Each structure stands twice: as structure tokens, then as C-alpha cells.
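Chemist: Read in order, the letters of the sequence shown are residues 1 to 231 in full-length UniProt numbering. I'd like to ask some things about the structure below.
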Amino acid sequence: MEQPQSPGTKSLEIGDIIEPLLRFTLRSHLDETVPSLDLDLPRDLCLYLLEEEDSTEKPARYKILARALSECLTSKEHGSNFENYSNDLLNMLKKVNFELHVQEPYFTQLKDGLKTTEGRCAVGDYMRIRSGDFILFNKCLLLEVQDVCYYTSFSEMLRVESLAKVLPGVETIEEGVQVYRNFYTEEKERINGVVAIRVVKPVNQPYTALAGLLSELKATGIKGLLDDYTA
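As C-alpha cells, this is what we get:
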């Protein structure tokens, strides 16, 4: 049984998130899965950056670019564009109270606003989450906590919160309980109870700030950074 990780609570820096954030931004642009994402880069460049190298000694180019961007965004030696987007990202990261990782399809459902409630066993740092907190999901999606409710069981939570808001696509309460049984035993659920975290998606997202920076750099600027960091 895979145990879900406790929510991360440490302060985040740009270097902590830039690699998965860059990958998500490029992939979302290619797949057109984030309608609001405005990334002015050629598709072939995005594919080139995401392409995995056959050799384990050579990282994918987006990983090299992520390292370059991290250093540029945290350095005072670069231009105002870097500083502006660095401030945007840093301000978002300062808001983050907790980090969570969710599997598919739940991450995509959260991103698309289909899933608006996250259910977990009420243990550890989950008990500290409050209305107004910000949670960073999978190091790239920022959601604000609207409310937190407690229940004695997952079945009670699913009935009250609405199955469609907690587990979109699951048709019955019984099926929904079985989803959680993949992560929690009946004993853990009975002893600790359940927390329902209602979330909403703010307009400003880390990936929109990063897309703005990449668009400002354009293909020539990105290739220049790659050359600088692979020389």
C-alpha cells in the first residue's frame, strides 16, 4: 500500500521547483492542456528541450535550462526581465504554506478545476491546514484553501462534499472509498478520521510567470543560455 506523503512545510526557493515547473510549462504548451498559458516559443524548440538523451551522463536539455534559469533568476547580475519574473515567482513561493503531491488523474482534475476538494486522513501536518493557506501541488500548481472540514470516514466525506468534487469520474461512494483504500487502511481511517480540503485556483500561477520569462527570452535567448551552461 502506497502511503501518501505528509504535506511539505519548508520554505521554497526557485531552485526547488524550477525543473518540474519548466517541464510542466513546456509540456502543457505542447499538449495545449492549459488554455490560459501564453508561451511564445516554437513547438520544435519545446520538443528539443524535453527530448531525453540516450546517455545517462547527459541530462535532458530542459534540465540544463532549468539550472541556468535558476541561477539567472536568483542573481543580481542579470537584466530587469529576469528580476521582474524572479519577483513574481518569489512572491508566489512566499505564499506557499504546504506542498502536496497528487497522482494522475487527480492532478489534472485539480488543474482544470474539476476536482475542488482533496481528501486525506486527518494526521500530522494535514491537521494544520487552514482556510486562506496556499498549497503547491506537484511543484507547479498553486491552489488556495477555501475551507477545511473533518469527517469520521471517507464515505461520510464523499456523501457530504459531493463525489463529483472529490473524485470526478468515480460513480459510487463505494468505488470512491476503494480509491482511498489504496492509500489508507480501514484502521488508520477509523482512528484518525478524514479531512476534506476545499481549494480554488488563483489566476496567477508559477507556470504563467515562467511562460512570460521564456517568451521574453525567445528562442535565441534560450539557446544562448544552453550554450553558456553546456560549454
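All C-beta atoms in this analysis are idealised placements derived from N, C-alpha and C, irrespective of residue type, glycine included. Just so we're clear, the structure is a prediction, and the values are computed from it rather than from any experiment.
1) Is the number of C-beta pairs between the stretch 12-21 and the stretch 198-211 that are closer than 8 Å three or more?
2) Is the Cβ-Cβ distance between L89 and A211 less than 7 Å?
3) Quick one: complete alpha helix (DSSP H) runs, 4+ long, within the stretch 185-220?
4) Once DSSP output is grouped into helix, strand and coil, what is the label at residue 237?
5) Which of the three DSSP states, helix, strand or coil, is assigned to V160?
6) Considering only DSSP beta bridges, list what G119 is partnered with.
7) In its own chain, which residues sit with a C-beta less than 6 Å from the C-beta of M1, not counting the 5 before and 5 after it?
8) Smallest Cα separation from T152: which of F134, V123, K115 and C72?
9) Which one of R120, V148, E216 and K115 has the shortest CA to CA distance from L167?
10) Assuming C121 and N192 make a contact with CB atoms under 8 Å, what is their CB distance in whole Å?
11) By how many angstroms is the C-alpha of L214 removed from the C-alpha of E144?
12) Any chance you could list the alpha helix (DSSP H) runs of at least 4 consecutive residues sitting entirely within the stretch 30-102, in chain order?
13) Expressed to the nearest angstrom, what Euclidean distance is found between the alpha-carbon atoms of V179 and K94?
14) Secondary structure at D133, three-state DSSP: helix, strand or coil?
15) How big is the Cα-Cα spacing for G221 and L30?
16) Starting from Y126 and walking both ways along the alpha helix (DSSP H), at which residues does that stretch end?
17) Buried or exposed: M127, going by 16 or more other Cβ atoms within 10 Å of its Cβ?
18) May I ask which residues mark the beginning and end of the alpha helix (DSSP H) holding V177?
Modeler: In brief:
1) yes
2) As a working note, residue 89 is residue 89 in the sequence shown. As a working note, residue 211 is residue 211 in the sequence shown. In this structure, A211 does not lie closer than 7 Å to L89 by Cβ.
3) 186-192
4) Shown here, the chain extends from 1 to 231; a query on residue 237 therefore has no answer.
5) The count along the sequence shown starts at 1 and reaches residue 160 at position 160. Three-state result, V160: helix.
6) Mapped onto the sequence shown, residue 119 falls at position 119. Looking at the DSSP assignment, G119 forms a beta bridge with A196.
7) Mapped onto the sequence shown, residue 1 falls at position 1. At M1, the pLDDT of 48 sits below 50, so the modelled position is not reliable and the matter cannot be decided from this model.
8) Numbered from its first residue, the sequence shown carries residue 152 at position 152. The shortest C-alpha separation from T152 is found at V123.
9) Walking along the sequence shown from the start, residue 167 turns up at place 167. Per the Cα distances, K115.
10) The count along the sequence shown starts at 1 and reaches residue 121 at position 121. The count along the sequence shown starts at 1 and reaches residue 192 at position 192. Correct: roughly 5 Å between the Cβ atoms.
11) Locating residue 144 in the sequence shown gives position 144, counting from the first residue. Locating residue 214 in the sequence shown gives position 214, counting from the first residue. Those two C-alpha atoms are separated by around 26 Å.
12) 43-50, 61-73 and 80-95
13) Within the sequence shown, numbered from 1, the residue matching residue 179 stands at position 179. Within the sequence shown, numbered from 1, the residue matching residue 94 stands at position 94. Taking the straight line joining both Cα atoms gives about 33 Å.
14) Mapped onto the sequence shown, residue 133 falls at position 133. Of the three classes helix, strand and coil, the one that applies to D133 here is coil, per DSSP.
15) Looking up residue 221 in the sequence shown gives position 221. Looking up residue 30 in the sequence shown gives position 30. Computed Cα separation, rounded: 20 Å.
16) Sequence index remark: in the sequence shown, residue 126 carries index 126 (1-based). No alpha helix (DSSP H) contains Y126, which DSSP labels as neither H nor E.
17) Reading the sequence shown from its first residue, position 127 is the one you call residue 127. Exposed, by the Cβ-count rule.
18) The residue given as residue 177 occupies position 177 in the sequence shown. Here the alpha helix (DSSP H) through V177 covers I173 to R181.
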